[in-house]
Every structure is written in structure tokens, then in C-alpha cells.
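Working notes, beginning with the structure itself.
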Amino acid sequence: MSDTDTTETAAAFEPTIVAFFCNWCTYLAADLAGTSRMKYAPNARIIRVMCSGRVDPQFVFDAFAKGADGVLIGGCHPGDCHYQEGNTKALRRFTLLRRMLTDLGVEEERIRLEWISAAEADRLRDVMNEMADQIRALGPFRLPDGAVAPAAPRREEVPA
Ligand code: FES
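The working numbering runs 30 ahead of the 1-based position in the sequence shown.
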């Protein structure tokens with residue numbers, strides 16, 4: 031590959047963001063953004079889950095292993111989770127997971143948790159645009175040299 035090819039490839043890089051959105055809030059915000067014809071970065075591959083607490087750390091590892099450049103988890107605001115504490119559990123898992131990934135040298139901008147209600151389409155747009163910009167600047171996801179992806183903790187090993 032020539033230098034010109036490399037430059038063109040870098041310029042054309044568009045990140046793939048795997049987005050796990052709660053059915054009751056962030057997924058509806060994405061729906062509202064669509065029906066409102068809002069324009070935002072089209073980089074997300076949205077996966078609907080019933081609650082942000084349903085996002086197993088293994089889902090995140092699998093997303094990165096299968097080509098994601100970033101992972102976004104969207105859930106209901108604290109106090110609004112339809113399953114009472116699902117988002118609280120999601121936050122605990124997320125904190126641990128992001129620490130594991132940053133310890134490996136993965137940039138923290140690549141994994142993000144946001145509370146976005148069904149009415150907050152504009153916030154969804156802003157988060158998507160910001161995350162796409164940040165990851166575009168970082169470039170494609172790669173584990174740092176010498177890093178070995180950890181085995182994901184089993185669900186029962188992750189704090190509830
Ligand atoms: S139902 Fe939305 S985060 Fe739990």
C-alpha cells in the first residue's frame with residue numbers, strides 16, 4: 031500500500047458504533063429523531079434491549095471483537111428504569127468495564143453510557159455526533175500492541 035492509499039484510507043474512516051439502546055427510552059429517542067427528520071451521524075448500529083441492565087459485558091467485548099470502533103449504551107434516567115434498578119446495575123457494570131478497557135490502553139471515548147429519555151431526540155443527536163467525531167479522530171479500534179483481550183467476567187462475577 032502506498033502513502034497515498036494510507037492517507038485516503040484515514041480520510042475515509044467512518045467509525046462503526048454499536049449502540050445498545052433501552053426499549054423504553056433511548057430507542058424511542060432514536061425513533062423520534064428519525065420521525066422528526068433530525069440529521070445526525072449515521073454511524074450507529076442500534077441494538078434494542080429491554081433495559082440497559084440487560085447489556086452483559088460480553089456483548090461489549092463481542093462488539094469490539096467483531097469490528098466495532100465504539101460502543102454506546104443508552105438507558106433511562108436514574109429513577110425512571112422500568113425494571114427499578116436495571117440502569118443502576120448498568121452503571122456499576124459500565125464503570126468496571128470501562129476501567130478494564132482503559133487499563134488495557136483502550137481510549138475511554140470508545141465506550142460510553144448515557145441516560146437519554148424518549149423525549150430527548152436532540153440529546154441523542156448530540157451524543158451520536160460527538161461520539162462519532164471523537165472516534166473518527168481516534169481512528170479505527172485496535173487493541174494496543176501486546177494487549178490480550180480479557181475473558182469477559184461472567185455475569186455472576188459482575189457487581190449487581
Ligand atoms: S428500562 Fe430503560 S434502563 Fe431500565
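Where is the CB? At the ideal position from N, CA and C, for every residue including glycine.
All values reported here derive from a predicted model rather than from experimental measurement.
Any idea which residues DSSP pairs residue i with across the strands?
i: Glu144; result: Gly104
Cβ of residue i within 8 Å of Cβ of residue j?
i: Ser147; j: Cys106; result: yes
i: Ala60; j: Phe50; result: no
i: Val48; j: Arg75; result: yes
i: Leu173; j: Glu139; result: no
i: Gly104; j: Thr46; result: no
i: Leu154; j: Ile141; result: no
i: Pro108; j: Trp145; result: yes
i: Ala162; j: Ala42; result: no
i: Ala95; j: Ala151; result: no
i: Pro87; j: Leu127; result: yes
i: Asp99; j: Ile165; result: yes
i: Asn73; j: Glu44; result: yes
Whole alpha helix (DSSP H) runs in the segment 34-92 with 4 or more residues, listed along the chain?
56-65
Worksheet entry | Quiz: which residues have CB nearer than 6 Å to ligand 1 non-hydrogen atoms | Cys52, Trp54, Cys55, Cys81, Ser82, Gly83, Gly105, Cys106, Cys111, His112, Tyr113, Gly116, Asn117
Does the segment 114-121 come within contact of the segment 82-99, defined as at least 3 CB pairs closer than 8 Å?
-> yes
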